[in-house]
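There are 2 protein chains.
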Amino acid sequence: MGRGSVSKPLKVALLGAGVVGSQVARIILNEPDTLEQRIGRRLELVGIGVRNLDVPREGIDPALLTTDLDGLVSRGDLDVVVELIGGIEPAHALVQTAIEHGASVVTANKALLADELGPLSRAAQEKGVDLYYEAAVAGAIPIIRPLRESLVGDEITEVMGIVNGTTNYILDKMVTDHLSFDAALAEAQALGYAEADPTADVEGHDAAAKAAILAGLAFHTEVTRDEVFCEGITGITEAEIAAADQLGCTVKLLATAKLTSDAGSVIVKVHPAMVSRKHPLAAVSGARNAIFVNSREAGELMFVGAGAGGAPTASAVMGDVVTVARNRRRGTAGHVGAAYTHRPVAPIGESTAQFYVSFEVVDRPGVLARCAAVFGSHGVSLRVVQQSYLDDESSAEEHPARLGIMTHATQEARLSQVLSELREADFVGSQVRMMRVEGF
Amino acid sequence: MGRGSVSKPLKVALLGAGVVGSQVARIILNEPDTLEQRIGRRLELVGIGVRNLDVPREGIDPALLTTDLDGLVSRGDLDVVVELIGGIEPAHALVQTAIEHGASVVTANKALLADELGPLSRAAQEKGVDLYYEAAVAGAIPIIRPLRESLVGDEITEVMGIVNGTTNYILDKMVTDHLSFDAALAEAQALGYAEADPTADVEGHDAAAKAAILAGLAFHTEVTRDEVFCEGITGITEAEIAAADQLGCTVKLLATAKLTSDAGSVIVKVHPAMVSRKHPLAAVSGARNAIFVNSREAGELMFVGAGAGGAPTASAVMGDVVTVARNRRRGTAGHVGAAYTHRPVAPIGESTAQFYVSFEVVDRPGVLARCAAVFGSHGVSLRVVQQSYLDDESSAEEHPARLGIMTHATQEARLSQVLSELREADFVGSQVRMMRVEGF
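For the record, the sequence lines run as chains L and B.
Residue 1 is where the first sequence starts when you use the UniProt record's numbering, and the numbers rise one by one after that.
Residue 1 is where the second sequence starts when you use the UniProt record's numbering, and the numbers rise one by one after that.
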């Protein structure tokens, strides 16, 4: 079966030996025979680029380690470079150098791809090398390959997912244990599920990078991170969580990429949403990820699994390494699924959704009618109105009430006009909050 | 983007123009520009092999139709043959001829692949052509490609799924509407979800073919349909459905492929099972399919979507057609992921599971202890014992009772010994029924 074959091994270099990198190194070093059977050629790990040589790394020959990452990727004899250091620089320059020197690249770097997928894909295609990145979105869940290949004969209309485990854990805690955002975040940090600086997760930036990658792949176009509409979960109130529950919904941070109805542009957005418990994404709890795909012919598909963690991410990376190595062995590569349409990202105002709007009013006769009139004057029709009285001591004729209004589907631009008008109305007695609704 | 390019188009022949074939023809004929963008070369549908020329086929030029299928696949200039006629012969001979004449093959034919995947893969590999079959298992759900590529750097330990929509619909009706099997089948037939002769579905043969394909792919070995342990849903009683419900379970027809603990052989089986409502497969209702994959590094993954139907199946077929055509354009093909291990299928007796055993007893003092002793003497320990009295008029000391016993996990061979002994015991007053349990 090729064992003991005289053909030269394929040379792999690894950049980064952190949580994922050390697992990838372990698999390559410990499973040479299995990998050879699957690839048809032996894999040789020729070097591991690290920042610090002094960290003890069990099971890894120190002679493999180098701090000269640029020297490693410019050797000129590499078949595959696996980039697992993350961040934009020096990862970007190293990947470019690897491609220029004829190596195929496997990366899990969502931040890099969200900015540079287009240019890197074109560079790889020109050099005839592969660029694979299954691990960059939703960890071990195979989503890149299905979008790039399985559904390539179909027309995808929407990709929607829970792609950030940290925020999903925090929202779960808020819904299930009735914690405030701050308390849930503190718990997630104590357990190591959230970082000391949680900004990238809780403000939605991490999910937005993944949304950009998914949108580009699904719609054969180029979308960068800064084009993604992005709203985090920090402002969510306990009142909104309770209202969602009353309406049979839970709250999730969703990343959505959607073709507009004329298929001419795309909506790409990350925001918290009230998700009906009837929707399959509502049941995806804890640190799991899930991606929901809607396409013209295949209908609804859903993919669920571990969205992060060393071993799951390493599984996705190794799937790419084996595929790229097989292509290399057969002397074929460079089909990187580059974008061929130019669908611009539409402004969020063109997005259509249902909305949940909540605020306090002074409960005078006629106030509800005046609220409804604000929605009506902008052509937004109401689906559910919740009214609850607050515990304040007030006079009988002027006690404050909390209104929660769910609209029918409408354009976000119209809803913005409603919100502006409500914010200036004299009968509105608090901040006006809005949350998007899915699957209701 | 290559529109108006002078490079020769890729020639495609289609075998079959039924529910799926007509949809595939429609996509190829109606979307030439989109397909050309995705493939990098134009696709030309050169012929459609059918049984009967007289059937009216909207939107298809009659000049494309032929009843000489053998002549069509032996033209010698075909790039891709799409086989959608189903069944073993003549599909088998036609696919072989297509491969011999240098065409890559896309097929949705699970019956053929369950018997001949190994030999056909080897033939394709020898000829340097592709053999793709995403649509053969679970319709539009991308499962073949994830198993063949995404998880190829990992070690899959188990694949378990609901892969037959007809039986899933019938079982749903039995659970939700408390129908008998016969009544639920009649309803499924009336709605067109079950065929007039439902044998292939309700006896599990269709699921067994898919289990053979999944097992071979997941464990890099060859498994044929007749090696799959197969038990259908026809014998399921309303009492078992009610007992499952009491235990927080539903009943599903599961197809399972599992590596034995020493990874030396595989268990491949199709049978109804009580599935805990906590297990993600329990929520997969109606005609949907779902596949659950467990692997060493990636952990648990689940894929859910439409398991059948013309358009969803056509989506999977077209994904393969585009992939195969891309390979063809680049002059590369023939990596068909042939088996390289030789893991035999272990007898069902070596399978380990929890079991639910039910039967009637004459409720004399000491009978429960005697029942328990039968299990204990074979080393099978009990987890739950349900006892319920029947409505018969009986004397006070000898009224019949129904016992339902769920065991802890044990080898099926041991359970078989328990069943044999119970069937001969004088205190057992009815047929002894057994159902396997999952996720409890």
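Beta carbons are placed, not taken as given, at the ideal position from N, Cα and C, and that holds for glycine.
Item                                                                                                                                                                     : Value
L/V20 to L/H399, Cα distance in whole Å?                                                                                                                                 : 57 Å
I'd like the ranges of any beta strand (DSSP E) spanning at least 3 consecutive residues and lying wholly in the stretch 290-377 of chain L.                             : 299-306 and 352-362
DSSP state of B/E116, grouped into three classes?                                                                                                                        : helix
If you measure beta-carbon to beta-carbon, which residues of the stretch 140-152 of chain L are closer than 7 Å to chain B?                                              : A140, I141, P142, R145, P146, E149, S150, L151 and V152
Taking Cβ-Cβ distances shorter than 8 Å, what residues in chain L pair up with B/P312?                                                                                   : E297, A298 and G299
Pull up the distance between the alpha-carbon of L/K252 and that of B/F440, whole angstroms please.                                                                      : 28 Å
According to DSSP, which residues form a beta bridge with L/L45?                                                                                                         : L/V12
In the DSSP assignment, the beta strand (DSSP E) including B/V437 goes from what residue to what residue?                                                                : R433 to E438
Return yes when the Cβ of B/A108 is within less than 8 Å of the Cβ of B/L84, no when it is not.                                                                          : yes
Mind listing the chain B neighbours of L/G305? Cutoff is C-beta to C-beta under 8 Å, in chain order.                                                                     : A298, G299, E300, L301 and M302
Are the beta-carbon atoms belonging to L/A103 and L/D79 less than 8 Å from one another?                                                                                  : yes
What are the partner residues of B/E83, as DSSP defines its beta bridges?                                                                                                : B/L15 and B/T107
May I ask you to report which of helix, strand or coil DSSP gives L/G404?                                                                                                : strand
Any beta carbon of chain B sitting closer than 8 Å to that of L/A282?                                                                                                    : no
Strictly under 8 Å for the Cβ-Cβ distance: is L/M1 near chain B by that measure?                                                                                         : The predicted model places L/M1 with a pLDDT of 39, which falls under 50 and marks its position as unreliable, so this point remains unresolved.
Give the interface partners of B/E134 over in chain L, defined as CB-CB distance under 8 Å, in chain order.                                                              : S150
Which residues bound the beta strand (DSSP E) around B/P272?                                                                                                             : V266 to S276
For B/A200, which residues of its own chain have a beta-carbon under 6 Å away from its beta-carbon, when the five flanking residues on both sides are left out?          : D206
Taking L/V268 as the reference, give the member of L/M302, L/A114, L/G305 and L/F427 with the closest Cα.                                                                : L/A114
Give a yes or no on whether the minimum CB-CB distance between B/Y169 and chain L is below 8 Å.                                                                          : no
Thinking C-alpha only, which one of B/D226, B/R288, B/K258 and B/L112 is nearest B/D172?                                                                                 : B/R288
Please report the straight-line C-alpha distance between L/Q411 and L/E424, rounded to a whole angstrom.                                                                 : 21 Å
Just to confirm my understanding: we take L/A194, look at its own chain, exclude 5 residues before and 5 after, and list those with CB closer than 8 Å. What are they?   : T166, Y169, I170, L185, A188, D201 and V202
Can you pull the chain B residues whose beta carbon is under 9 Å from the beta carbon of L/I27, in chain order?                                                          : G153, D154 and E297
Just mark B/G16 as buried or exposed, buried being the case when its beta carbon has 16 or more other beta carbons within 10 Å.                                          : buried
I want to verify the contact list: residues of chain B whose CB lies under 8 Å from the CB of L/S104, in sequence order.                                                 : By Cβ distance, chain B contributes nothing, its closest Cβ being about 14 Å from L/S104, past 8 Å.
If the criterion is Cβ atoms closer than 8 Å, does the pair B/I60 and B/L43 meet it?                                                                                     : no
DSSP has B/F229 in a bridge; who is on the other side?                                                                                                                   : B/K269
Smallest Cα separation from B/L352: which of B/R296, B/R364 and B/A409?                                                                                                  : Reading off the sequence shown, one finds Thr at residue 352 of chain B, where the question assumed Leu. Out of B/R296, B/R364 and B/A409, B/A409 has the C-alpha closest to the C-alpha of B/T352.
With contact counted as at least three CB pairs below 8 Å, one residue from each stretch, are the stretch 7-16 of chain L and the stretch 276-295 of chain L in contact? : no
Nearest CA to the CA of B/L53: which residue from B/H342, B/T67 and B/G139?                                                                                              : B/T67
Using a Cβ-Cβ cut-off of 8 Å (strictly less than) and excluding sequence neighbours within five positions of B/V266, which residues of its own chain qualify?            : A215, F219, T221, V223, A257, K258, L259, T260, R343, P344, V345 and A346
Would L/R433 and L/E227 qualify as a contact pair, given that the criterion is a beta-carbon distance under 8 Å?                                                         : no
Compare the C-beta of L/T323 against all C-beta atoms of chain B and say whether one is closer than 8 Å.                                                                 : yes
If L/G248 sits next to L/S276, beta carbons under 8 Å apart, how far is it from one beta carbon to the other, in whole angstroms?                                        : 6 Å
Just the Cα atoms here: how many angstroms apart are L/F427 and L/D182?                                                                                                  : 30 Å
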